[in-house]
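Trainee: If you read the first sequence in the working numbering, its first letter stands for residue 79, the second for the next number, and so on.
The beta-carbon is built from N, C-alpha and C at its ideal position, and this holds for glycine as well.
On a predicted model such as this, the values are computed, not experimentally measured, just so you know.
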Amino acid sequence: MLAWYDGAARVLPWRAPPGSAPPDPYRVWLSEIMLQQTQVATVIPYFERWTARWPDFASLAAADDAEVMSMWAGLGYYARARNLLKGARAVVAEHGGRLPDTEAALLTIPGIGPYTAAAIAAIAFGRRAVVVDGNVERVVARLFAIPTPMPAAKPAIRAATDTITPDTRAGDFAQAMMDLGARICTPRSPKCLFCPIAAGCTARIEGEPERYPVKAAKKARPLRQGTMFWLTNANRVWLVRRPDKGLLGGMRALPTGPWEAEPPVLADAPTAANWRMLDTVATHGFTHFELVCALAAARWDGQTALAPGEWWPIADLESAGLPTVFAKAARLFREDGACGG
DNA sequence: GAGTCGTGGGT
DNA sequence: TACCCAAGACT
Numbered sequence: 079m080l081a082w083y084d085g086a087a088r089v090l091p092w093r094a095p096p097g098s099a100p101p102d103p104y105r106v107w108l109s110e111i112m113l114q115q116t117q118v119a120t121v122i123p124y125f126e127r128w129t130a131r132w133p134d135f136a137s138l139a140a141a142d143d144a145e146v147m148s149m150w151a152g153l154g155y156y157a158r159a160r161n162l163l164k165g166a167r168a169v170v171a172e173h174g175g176r177l178p179d180t181e182a183a184l185l186t187i188p189g190i191g192p193y194t195a196a197a198i199a200a201i202a203f204g205r206r207a208v209v210v211d212g213n214v215e216r217v218v219a220r221l222f223a224i225p226t227p228m229p230a231a232k233p234a235i236r237a238a239t240d241t242i243t244p245d246t247r248a249g250d251f252a253q254a255m256m257d258l259g260a261r262i263c264t265p266r267s268p269k270c271l272f273c274p275i276a277a278g279c280t281a282r283i284e285g286e287p288e289r290y291p292v293k294a295a296k297k298a299r300p301l302r303q304g305t306m307f308w309l310t311n312a313n314r315v316w317l318v319r320r321p322d323k324g325l326l327g328g329m330r331a332l333p334t335g336p337w338e339a340e341p342p343v344l345a346d347a348p349t350a351a352n353w354r355m356l357d358t359v360a361t362h363g364f365t366h367f368e369l370v371c372a373l374a375a376a377r378w379d380g381q382t383a384l385a386p387g388e389w390w391p392i393a394d395l396e397s398a399g400l401p402t403v404f405a406k407a408a409r410l411f412r413e414d415g416a417c418g419g
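Here it is in structure tokens:
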């Protein structure tokens, strides 16, 4: 694997060349958080903007919370951004501004779990650590043809990974396994002809490498419905801030009622007004449900009471840092020509 | 162990 | 198209 990696490693902004000195721990940490459940190509532009704005732990720890959330907008899983800020502040306050170099200490930092702790220890500090992410799970499940369905197979996969992890260059080994999983040992149509370890792969010898890792059938995503509100005042629109915990926590948003199985009502509007329903609806797929939102537009009369929020210039809505579901809805309101849009 | 938590790319 | 899934963590 290391020999293959020496010649085939992807060049990435947070990565050092194979066999060279470890990269900046801050950049390793940031990239690992951004890469959780997120593909490399999606992360790269966010990583570049982020490091230009906050190049180290000290600058990030001193950053404004709202600006951090806005910079993360569109990347998803927003708890990562909240924990990233907590993590940077913990590193400054409790570790002298430098990331600790052991897995156990790394695990105490918000946002760092078993995978990320092992990855940072190996990649940024050159320690031997058993790094198991989704790529490694797939490669190892195939290499050893592990028949146990996920997630029950996780302990066996970790044990098997331990047996093939080298004592030196564990970081390069981990990155080699992840590159292999991302480019060759892919979930569907693995390219075994280009695989450096195909000769020892039990799943390939069996003839159906795609069968691994074995997974149980998953259930269908339920439908949820709701209403989003577009309240305007001159050339501005009313935005709210969502509660810190839960779905899209801490993010700027359009006012919305709850998202539930039942059809929506207008009772959750941000203010009393002559709401006009648009002809179109906004749809968006989340991890565990599908959302269909009715769209209601109105002008504020300058009199009725408003819950906490802020007027935002419609022409500058791109800088509000709206999650994608709200950015999509905002586009529909503006295309409709709704009041002020 | 199971549910929650986004979004975009690939097929 | 509809579905799968990604360098997981947290509760």
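What three-state label does DSSP hand Q253 in the structure shown?
Mentor: helix
Trainee: Would you kindly work out how many angstroms separate the C-alpha atoms of A238 and R409, rounded to a whole number?
Mentor: 49 Å
Trainee: Report the option in A393, G249 and A294 whose CA atom is closest to the CA atom of N311.
Mentor: A393
Trainee: If P342 sits next to G380, beta carbons under 8 Å apart, how far is it from one beta carbon to the other, in whole angstroms?
Mentor: Rounded, the Cβ-Cβ distance is 26 Å, inconsistent with contact.
Trainee: What residues in its chain sit with their C-beta under 8 Å from that of E126, if we drop five residues either side in the sequence?
Mentor: P91
Trainee: Can you name the start and end residues of the alpha helix (DSSP H) that L80 belongs to?
Mentor: DSSP places L80 inside the alpha helix (DSSP H), whose first and last residues are L80 to A86.
Trainee: The beta strand (DSSP E) that contains H357, what's its start and end?
Mentor: The displayed chain sequence assigns Asp, not His, to residue 357. R354 to G363 is the span of the beta strand (DSSP E), which, as asked, contains D357.
Trainee: Please classify N213 as buried or exposed, where buried requires at least 16 neighbouring CB atoms within 10 angstroms.
Mentor: buried
Trainee: For the alpha helix (DSSP H) holding L162, just list the boundary residues, first then last.
Mentor: A157 to E172
Trainee: How about D210 and A200: are their beta carbons less than 8 Å apart?
Mentor: The sequence as given places Val at residue 210; Asp does not occur at that position. Result no, Cβ atoms of V210 and A200 do not sit closer than 8 Å.
Trainee: What ranges does the alpha helix (DSSP H) occupy inside the stretch 86-131, keeping only unbroken runs of at least 4 residues that lie completely in it?
Mentor: 103-112 and 118-131
Trainee: Using the Cβ count rule (16 or more neighbours within 10 Å means buried), how would you classify G419?
Mentor: Annotation note: pLDDT 45 at G419 (below 50); position unreliable, no value reported.
Trainee: If we call anything under 8 Å between Cβ atoms a contact, is R423 one with F367?
Mentor: In the structure displayed, the chain extends from 79 to 419; residue 423 sits before or after that span and is not available.
Trainee: Bridge partners for E368 per DSSP, in chain order?
Mentor: Beta-bridge pairing links E368 to L301 and G363.
Trainee: Whose C-beta lies closer than 7 Å to the C-beta of V217 among residues of the same chain, with five residues either side of it excluded?
Mentor: M255, L258, G259 and C263
Trainee: Could you round the C-beta distance between C279 and L221 to whole angstroms and report it? I think they count as a contact, below 8 Å.
Mentor: 5 Å
Trainee: Between the stretch 106-118 and the stretch 188-206, do at least 3 Cβ pairs fall closer than 8 Å?
Mentor: yes
Trainee: Are G328 and Y156 touching if we call contact CB-CB under 8 Å?
Mentor: It is a contact, given that the beta carbons lie within the stated cut-off.
Trainee: Between A136 and the rest of its own chain, which residues show a CB-CB distance below 8 Å, the 5 nearest in sequence each way excluded?
Mentor: V170 and G175
Trainee: What is the C-beta distance between A231 and P291, in whole angstroms, given that I count them as a contact (C-beta under 8 Å)?
Mentor: The pair is a contact, with the Cβ atoms about 6 Å apart (cut-off 8 Å).
Trainee: So V315 is in the beta strand (DSSP E); what residue range does that whole segment cover?
Mentor: R314 to R319
Trainee: Assuming the contact rule is C-beta atoms closer than 8 Å, E284 and A223 should be a hit. Round their C-beta distance to whole Å, please.
Mentor: 6 Å
Trainee: Identify whether W150 lies in helix, strand or coil by the three-state DSSP scheme.
Mentor: helix
Trainee: Using the C-alpha atoms, what's the distance from P287 back to V318?
Mentor: 49 Å
Trainee: One question on the structure: do F307 and P336 come within less than 8 Å of each other, judged by their Cβ atoms?
Mentor: no
Trainee: If we ignore side chains and look at the alpha-carbon of each, how far apart do L373 and D134 end up?
Mentor: 42 Å
Trainee: What is the DSSP secondary structure of E286, reduced to helix, strand or coil?
Mentor: coil
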